Amino acid sequence: MLKLLKYNWRMNSLTSYIVIAASVIVYGLLLACKYQWGWSDEIVFMFGLLVAVVTGLLFLIIACVTFNHQLKSYHRRLLPIKTEVEIASMLLLAAIYSLIPLLLKLVFLYLADVTFNYSMFDSLLEQLLRVDVLAVLVGYMLLDSLAIFMLIMLAMSATYAFKGKYRAWIGVLLFIVLSIVWEYVSNWLFGVNRQGAPPFVGIEITEGEMSRIDWITIRWNGEWLKMLLVSLTKLALLFAATTYIMKKHVEP
Amino acid sequence: MSHLLEVKDVYKSYWRKKALQGVSFSIDRGKIIGLLGSNGSGKTTLMKLLAGLARPNSGTISIAGASVGPATKQVVSYMPDAPLTESWMRVKDAFAFHRDFYPDFDDGKAKDMMQFMRLNAQDRVTSLSKGMQERLQLTLALSRNASLYLLDEPIGGVDPVARGNILDAIVEYYNPESSILLATHLLTDIERIFDEVIMLKQGSLLLHEEVEEVRMKRGKSIDELFKEVYAEC
Amino acid sequence: MAIEFDNNLPIYVQIMSYLKKQIVAGKLRSGDKIPSVRELAQELQINPNTVQRTFSELEREGIVETKRGLGRYVTSEESKIMEIKKEMAGELIDHFIQGMRELGFASSEIISIVSDAMEQEQQRGELE
Numbered sequence: 001m002l003k004l005l006k007y008n009w010r011m012n013s014l015t016s017y018i019v020i021a022a023s024v025i026v027y028g029l030l031l032a033c034k035y036q037w038g039w040s041d042e043i044v045f046m047f048g049l050l051v052a053v054v055t056g057l058l059f060l061i062i063a064c065v066t067f068n069h070q071l072k073s074y075h076r077r078l079l080p081i082k083t084e085v086e087i088a089s090m091l092l093l094a095a096i097y098s099l100i101p102l103l104l105k106l107v108f109l110y111l112a113d114v115t116f117n118y119s120m121f122d123s124l125l126e127q128l129l130r131v132d133v134l135a136v137l138v139g140y141m142l143l144d145s146l147a148i149f150m151l152i153m154l155a156m157s158a159t160y161a162f163k164g165k166y167r168a169w170i171g172v173l174l175f176i177v178l179s180i181v182w183e184y185v186s187n188w189l190f191g192v193n194r195q196g197a198p199p200f201v202g203i204e205i206t207e208g209e210m211s212r213i214d215w216i217t218i219r220w221n222g223e224w225l226k227m228l229l230v231s232l233t234k235l236a237l238l239f240a241a242t243t244y245i246m247k248k249h250v251e252p
Numbered sequence: 001m002s003h004l005l006e007v008k009d010v011y012k013s014y015w016r017k018k019a020l021q022g023v024s025f026s027i028d029r030g031k032i033i034g035l036l037g038s039n040g041s042g043k044t045t046l047m048k049l050l051a052g053l054a055r056p057n058s059g060t061i062s063i064a065g066a067s068v069g070p071a072t073k074q075v076v077s078y079m080p081d082a083p084l085t086e087s088w089m090r091v092k093d094a095f096a097f098h099r100d101f102y103p104d105f106d107d108g109k110a111k112d113m114m115q116f117m118r119l120n121a122q123d124r125v126t127s128l129s130k131g132m133q134e135r136l137q138l139t140l141a142l143s144r145n146a147s148l149y150l151l152d153e154p155i156g157g158v159d160p161v162a163r164g165n166i167l168d169a170i171v172e173y174y175n176p177e178s179s180i181l182l183a184t185h186l187l188t189d190i191e192r193i194f195d196e197v198i199m200l201k202q203g204s205l206l207l208h209e210e211v212e213e214v215r216m217k218r219g220k221s222i223d224e225l226f227k228e229v230y231a232e233c
Numbered sequence: 001m002a003i004e005f006d007n008n009l010p011i012y013v014q015i016m017s018y019l020k021k022q023i024v025a026g027k028l029r030s031g032d033k034i035p036s037v038r039e040l041a042q043e044l045q046i047n048p049n050t051v052q053r054t055f056s057e058l059e060r061e062g063i064v065e066t067k068r069g070l071g072r073y074v075t076s077e078e079s080k081i082m083e084i085k086k087e088m089a090g091e092l093i094d095h096f097i098q099g100m101r102e103l104g105f106a107s108s109e110i111i112s113i114v115s116d117a118m119e120q121e122q123q124r125g126e127l128e
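Note that the protein sequences, when read in sequence, are chains A, B and C.
Take 1 as the starting number for the first sequence in UniProt numbering and just add one per residue.
Take 1 as the starting number for the second sequence in UniProt numbering and just add one per residue.
Take 1 as the starting number for the third sequence in UniProt numbering and just add one per residue.
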């Protein structure tokens, strides 16, 4: 598994380094914008977010291309490796590729030291930058990106289970359908209160005077264990499904 | 007696195309066997099934007593008509890759063959000429101590000198514990290397005979027999 | 060692005749070592099993003997070599006579043609 990881990393090393270098440069420019040219914190923060998203997307693309390569190339398919190990290795790669933009963003945030005029955001940020909250946040984001990537892998291997010009659409359809199904399932399990916030962590909003939101407290979500288990189960199911498809049907 | 390779009643179709129809044969250790057939005869499909790149629709294949899967991939070395390398690799990376993943990879053989085929470890794989790439492919496939080697057109696009080198390599590394299944259509040089020959036509097995028997009984070379059999194709 | 192979005939038979000729003509002498299966297979670029078969046949005919641990050698029995030489000559002669008869020559004619030819060859040899 690690050997495969090593070669996958090497295969993409040039591209990865370019993406990392580019994002470091842009982050550097943004920091200069704030400290040299006095750009406002909000704008710097927004652009920082944009850079993180773009970097994340680029790495996602690299990961998908790598998996495609694993599915198609003869010399990869000839390797005496169990399917489960192949998939696990890809997940490990995806994890690394998810962590890189995340870490770069965190470093940027720390260096940028943004403060907002709205104390709500300030207090949120302050609380976020606590180690335990960060750890959970990073863990949650990692799990989330792995789940997305796992779903993509499932869709990709489903594509290769068919032949013909339109088989890519089968994969896309599968991805969309399963995403929608998951939305319903998670709503049924946890109610509609997630609102895009991390499931392990809840947000309590205290209103200050004049119904202005003054303070946001982050507290542990009582259901965090259940949510974690559900996420892990989802990952496991996707893993099993992908393994099955790859073993039985994939013949690019 | 157990055979190295047993193919029983294998059928394989791709949508409407029937690639292999009821093919059965077996191969023992220590043989060099020619797999002959025109395009579309099912040669490559058969090799892919043996290599584990595809699964038959029905029928069984067993190699060294095991069904096709990660266990057989460890003892089967396939040289396909597609590259076994990645574009970022140098020759030495290609060898390192195979060494890392295949327990039967033989460093000594690899070094010998590399010299013999005049391959340079530092060269980028993409900078190699077609002939050199073919030689690298063959070297990678033969550097393993596999039980079954599947060579798909190893002398196809290659100049006569390289062809001679390749035949040399095949004979030099012959060992009685392994067998080679070699698909080709260029027969004159190579037919002397075969113990047996298997002929496929439109997915069916036409013939599986010892080469010397063909010469003795039919008074023909394999090349001639091939031309006769595939004349209408 | 240069053998022109004819792919229409069994290879092992062709190697056998070649080796026999070498032995009979004295190029490979009694007691000389014969290349191993691997060496010969590589040199001629043929299947090692074919070479093995050749050697087995030659051993069976007594032309070649295996000394344990040392390899294969041309038989030390000169008489055996003579026997093979006569056998091979016999085959050639039979073939020749049949050919000549097919052309319509009678026995006495065949003999005189042959002695004429031998004389001519000798003269050519002296001139060179």
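Where is the CB? At the ideal position from N, CA and C, for every residue including glycine.
Keep in mind it's a predicted model, so treat the numbers as computed, not measured.
DSSP on residue i, reduced to helix/strand/coil?
i, result
"B/E196", "strand"
"B/M79", "strand"
"A/Y35", "helix"
"A/L71", "helix"
"C/Y73", "strand"
"C/K14", "Checking the displayed sequence, the identity of residue 14 of chain C turns out to be Gln instead of Lys. Correct three-state label for C/Q14: helix."
"C/K80", "helix"
"residue 277 of chain B", "Because chain B here runs from 1 to 233, residue 277 of chain B falls outside it and cannot be looked at."
"C/Q98", "helix"
"B/D9", "strand"
"B/F25", "strand"
"residue 261 of chain A", "Given that chain A is displayed from residue 1 to residue 252, the structure contains no residue 261 of chain A and the question cannot be resolved."
"B/L20", "strand"
"B/R118", "coil"
"B/I222", "helix"
"A/I176", "helix"
"B/D107", "helix"
Is the Cβ-Cβ distance between residue i and residue j less than 7 Å?
i, j, result
"C/I11", "C/I46", "yes"
"B/K73", "B/G52", "yes"
"B/D100", "A/K3", "yes"
"A/L58", "A/V107", "no"
"A/A161", "A/I245", "yes"
"B/D106", "B/S143", "yes"
"C/V24", "C/I93", "no"
"A/K53", "A/L30", "Strictly speaking, residue 53 of chain A in this sequence is Val, with Lys absent from that position. Their beta carbons are not under 7 Å apart, which means A/V53 does not touch A/L30 by this criterion."
"A/A94", "A/F149", "yes"
"B/D123", "B/V91", "yes"
"B/E172", "C/Q42", "yes"
"A/A240", "A/L154", "no"
Could you tell me whether any Cβ in chain B is nearer than 7 Å to the Cβ of residue i?
i, result
"C/L40", "no"
"A/G251", "For clarity, residue 251 of chain A is Glu in the given sequence; the question names Gly instead. Yes, A/E251 counts as interfacial toward chain B."
"C/L58", "no"
"A/L5", "no"
"C/Q120", "no"
"C/I3", "no"
"A/M11", "yes"
"A/K82", "yes"
"A/L92", "no"
For the putative contact between residue i and residue j, defined by C-beta atoms under 8 Å, what is the C-beta separation to the nearest angstrom?
i, j, result
"B/V125", "B/I61", "Not really, about 31 Å apart at Cβ, beyond 8 Å."
"B/I198", "B/L36", "7 Å"
"B/G22", "B/S179", "Contact flag wrong, Cβ pair sits at about 23 Å."
"A/T55", "A/P101", "4 Å"
"C/I15", "C/T54", "5 Å"
With a threshold of 7 Å between beta carbons, is residue i in contact with chain C?
i, result
"B/M117", "no"
"B/V171", "yes"
"B/S221", "yes"
"B/E134", "no"
"B/R29", "no"
Using a Cβ-Cβ distance cut-off of 7 Å, determine whether residue i contacts chain A.
i, result
"B/E86", "yes"
"B/A141", "no"
"B/R90", "no"
"B/Q137", "no"
"B/L200", "no"
"B/A82", "yes"
"B/K18", "no"
Return yes when the C-beta of residue i is under 6 Å from any heavy atom of the ligand SAM, and no when it is not.
i, result
"B/M216", "The ligand SAM is absent from the structure shown, which contains no ligands of any kind."
Which chain D residues are close to residue i, counting only those with a beta carbon under 7 Å from its beta carbon?
i, result
"C/T54", "Among the protein chains in the structure shown, which are A, B and C, there is no chain D."
Short of 7 Å Cβ to Cβ, which residues in the segment 49 to 76 of chain A face chain B?
Listed by position, the residues of the segment 49 to 76 of chain A near chain B (Cβ gap below 7 Å) are Y74, H75.
Tell me which residues of the segment 150 to 171 of chain A have at least one Cβ-Cβ distance to chain B shorter than 9 Å, keeping chain order.
K163, G164
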